[in-house]
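Have a look at the structure below, then the notes.
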Amino acid sequence: MSFEQRFQGRVAIVTGGASGIGLGIATRIARESGSVALADINEAALAQARKDMGELPGPVETICFDITREDEVESLVGSVIEQFGQLDVVVNCAGIVGKTATNILDYDLTSFREALDVNLVGSFLITKHAIKAMLPAGYGRILLLASIAGKEGNPGMAGYSVSKAGVIGLVKAIGKEYAHTEITINGLAPALIGTPLLLDAEEESINYMTSKIPMGRLGTVAEAAAIACWIVSDEASFNTGAVFDLSGGRATY
Ligand SMILES: NC(=O)c1ccc[n+]([C@@H]2O[C@H](COP(=O)([O-])OP(=O)(O)OC[C@H]3O[C@@H](n4cnc5c(N)ncnc54)[C@H](O)[C@@H]3O)[C@@H](O)[C@H]2O)c1
30 MSFEQRFQGR
40 VAIVTGGASG
50 IGLGIATRIA
60 RESGSVALAD
70 INEAALAQAR
80 KDMGELPGPV
90 ETICFDITRE
100 DEVESLVGSV
110 IEQFGQLDVV
120 VNCAGIVGKT
130 ATNILDYDLT
140 SFREALDVNL
150 VGSFLITKHA
160 IKAMLPAGYG
170 RILLLASIAG
180 KEGNPGMAGY
190 SVSKAGVIGL
200 VKAIGKEYAH
210 TEITINGLAP
220 ALIGTPLLLD
230 AEEESINYMT
240 SKIPMGRLGT
250 VAEAAAIACW
260 IVSDEASFNT
270 GAVFDLSGGR
280 ATY
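Just so we're aligned: the sequence shown equals residues 30 to 282 in our numbering.
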């Protein structure tokens with residue numbers, strides 16, 4: 030089977046699909062013949078993203094939802110099953126950077142909780158409902174976007190770093206819970222990737238994160254999509270509970 034058909038017959042949900050890494054992954058899955066539900070909280074960005082994707086071999090639908098709301102996550106999964114008849118792949122890219130360049134003494138509780146709610150609680154909810162939908166067919170590929178911030182910790186970014194460390198714990202725990210099935214749960218921990226997420230980060234934090242990358246550059250959305258699409262393909266059948274690096278050499282363990 031060529032790369033062009035790698036996702037033929039597969040149905041994927043990509044959350045955070047209206048922008049950045051999610052949009053890149055969704056485009057590649059649809060280009061490789063998969064059916065894709067682009068899911069995001071930003072309705073206008075979703076419409077624009079769908080337009081920008083143009084016609085691709087796989088069908089692409091857009092669904093507006095909030096990943097922090099369990100009822101909305103449940104109905105996202107339900108509507109994909111209703112429309113496409115199955116769910117094989119979930120890539121969770123919905124996320125926020127929260128406060129950056131902010132010492133813990135100035136980091137307010139509301140912002141801390143918001144980062145945890147979107148990045149970590151959202152990961153928990155989509156993983157739970159995806160597994161429930163995948164169990165009857167006994168096949169699934171779930172990929173959660175973590176971050177190098179969760180492995181190494183980025184100063185001034187308590188909410189983001191802690192939420193992503195939590196995502197890594199979630200991948201390791203739930204990967205083991207379903208290791209006896211054909212449903213895999215893995216994580217991806219990128220260093221800085223050039224996306225609109227960085228528009229919400231202070232220059233001081235961006236400079237710090239860039240300086241830590243031995244390759245001396247940001248990663249690209251295409252590089253993130255390449256590894257992500259392998260992790261959620263049929264070929265990646267002996268990996269679960271694993272967190273893959275994409276860090277230009279920054280990750281040291
Ligand atoms: N860009 C980077 O440097 C980088 C590095 C490591 C990890 N990541 C992670 O990769 C993922 C994608 O990031 P990106 O850089 O593409 O960011 P992005 O800002 O381009 O995309 C994130 C998307 O998530 C959506 N979103 C936010 N809150 C949501 C909610 N409550 N419900 C549903 N959707 C919501 C946004 O509308 C946006 O479209 C995130 O989890 C991010 O933390 C990014």
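Note that CB positions come from ideal geometry on N, CA and C, so glycine has one too.
- For Arg60, the closest C-alpha among the options Leu173, Val109, Glu84 is that of Glu84.
- Between Ala74 and Ile92, the C-beta gap is not smaller than 9 Å, which leaves the two residues out of contact.
- Judged by DSSP in its simplified three-state form, Tyr207 adopts coil rather than helix or strand.
- Remark: the C-beta of Asn236 is outside contact range of ligand 1, defined as less than 8 Å to any heavy atom.
- In terms of side-chain proximity, the C-beta atom of Thr224 is found nearer than 8 Å to a non-hydrogen atom of ligand 1.
- Residue pairing by DSSP leaves Ser176 without any beta bridge partner.
- Around the beta carbon of Ala220, 16 or more other beta carbons sit within 10 angstroms, so the residue counts as buried.
- Counting only the Cα atoms, Asp229 lies some 15 Å from Asn71.
- Judged by pairs of C-beta atoms under 8 Å, the segment 271 to 279 does not touch the segment 115 to 135, as fewer than three such pairs exist.
- Inclusion of Thr56 and Phe94 in the CB contact set at 9 Å is not warranted, their separation being larger than that value.
- Under DSSP, Leu221 forms no beta bridge with any residue.
- The DSSP-derived three-state label of Gly45 is coil.
- A residue is called buried once 16 or more other Cβ atoms fall within 10 Å of its Cβ, and His158 is buried on that count.
- For Phe273, the enclosing beta strand (DSSP E) starts and ends at 272 to 275.
- In the structure shown, the three-state DSSP call for Arg170 is strand.
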